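Protein chains in written order, with the numbering used here: chain A, 1 to 126; chain B, 127 to 252. To start, the structure under review is shown below, and the notes come after it.
There are 2 protein chains.
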Amino acid sequence: MHKHENCNCNECPHHVECGGENIDKVKLFENKMITEEEAYYVSELFKAISDLTRVRILFSLLAGDMCVCDITELVGVSQSAVSHQLRVLKQAGLVKYRREGKTIYYSIADDHVSSILAMGLEHISE
Amino acid sequence: MHKHENCNCNECPHHVECGGENIDKVKLFENKMITEEEAYYVSELFKAISDLTRVRILFSLLAGDMCVCDITELVGVSQSAVSHQLRVLKQAGLVKYRREGKTIYYSIADDHVSSILAMGLEHISE
DNA sequence: ATAACACATGAATAAGTGTTCATATGTTAT
DNA sequence: ATAACATATGAACACTTATTCATGTGTTAT
Chain A
1 MHKHENCNCN
11 ECPHHVECGG
21 ENIDKVKLFE
31 NKMITEEEAY
41 YVSELFKAIS
51 DLTRVRILFS
61 LLAGDMCVCD
71 ITELVGVSQS
81 AVSHQLRVLK
91 QAGLVKYRRE
101 GKTIYYSIAD
111 DHVSSILAMG
121 LEHISE
Chain B
127 MHKHENCNCN
137 ECPHHVECGG
147 ENIDKVKLFE
157 NKMITEEEAY
167 YVSELFKAIS
177 DLTRVRILFS
187 LLAGDMCVCD
197 ITELVGVSQS
207 AVSHQLRVLK
217 QAGLVKYRRE
227 GKTIYYSIAD
237 DHVSSILAMG
247 LEHISE
């Protein structure tokens, strides 16, 4: 870390003293640090649960498989909006689907997803 | 549910047949359904973990308390950006902080947050 | 009091996101 | 084949959001 003036630029970190005491712990942890790629996937995962409509869809599906029209009715937005959001949830691996004739049934992808949802609900209820 | 033509409007749900078989389960579940308010808080919670920078900040803090300048160095974005995102995390109740002289130390708010982060990381590692 | 430091914040801008509207796709019944 | 149904999708628009830049606030040392 080099000497500097009071600037906020990125290349010239503007702390000298505080870095001294913690820098060892920092360096130590830098190896175990989550990778950029992992962090990205984690953020994408939670991004899929960060929208009101998608959350309502997911909690609806906790009751069991459900077709798009039922979800639409439960959530109370347009069928188109539900379809768009189901695609996001599908791409995030949070839901899966099966076709039965004209109807397509969506469901929670696995128990892991249920757990995450449960933790979220639990967390806000404190 | 009333008779309808082939329209996509919200007031005129366009399914007749598929509603028949599932509508009981739907009605049954409508009572236990997550409230709009709960869903909103859940979505806000996960929204706070839905950004790459914030995820990297949170996983950094899993190593222990850390001052803003160390976080800035670890995450590799500007100090201003880190401060802005720390505010989001603080408002979401995911981190807390304490002041020691000029330095402000941030830390994970509680074990619940750690659990949610761990589940996220675990989920993407499959 | 002044200067340097550690951090926060307001404004502005660019990029991303969710909904609606219109229409397309795939399925079933006639 | 045609019509009706269940769902998906592309384009457009309003809205949100993350960063940067400049500056402000609070603290410590001189």
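Note that the Cβ used here is the ideal one computed from N, Cα and C, for glycine as well. Remember, it's a predicted structure, so these values are computed and weren't measured experimentally.
Going residue by residue through the region 200 to 238 of chain B, where are the continuous beta strand (DSSP E) segments of at least 3 residues, counting only ones entirely within it?
221 to 226, 229 to 234
DSSP has A/M33 in a bridge; who is on the other side?
In DSSP, A/M33 forms no bridge with anything.
Under a Cβ-count criterion, where at least 16 other Cβ atoms within 10 Å of its own Cβ denotes burial, should A/T72 be classed as buried or exposed?
buried
Cβ of A/D51 less than 8 Å from any chain B Cβ?
yes
Is any beta-carbon of chain A found at less than 8 Å from that of B/Y167?
yes
Would A/L45 and B/G246 be called neighbours here (beta carbons separated by less than 8 Å)?
yes
For B/M192, the residue or residues it bridges with in DSSP:
B/Y232
Near A/F59, what residues of its chain come up, given a Cβ to Cβ distance below 7 Å and the 5 sequence neighbours on each side ignored?
L117
Leaving out five residues on either side along the sequence, give the residues of the same chain with a beta carbon under 7 Å from the beta carbon of B/A174.
R180, V214, L215, A218, L220
Taking CB distances under 8 Å as the criterion, tell me whether A/R98 reaches chain B.
no
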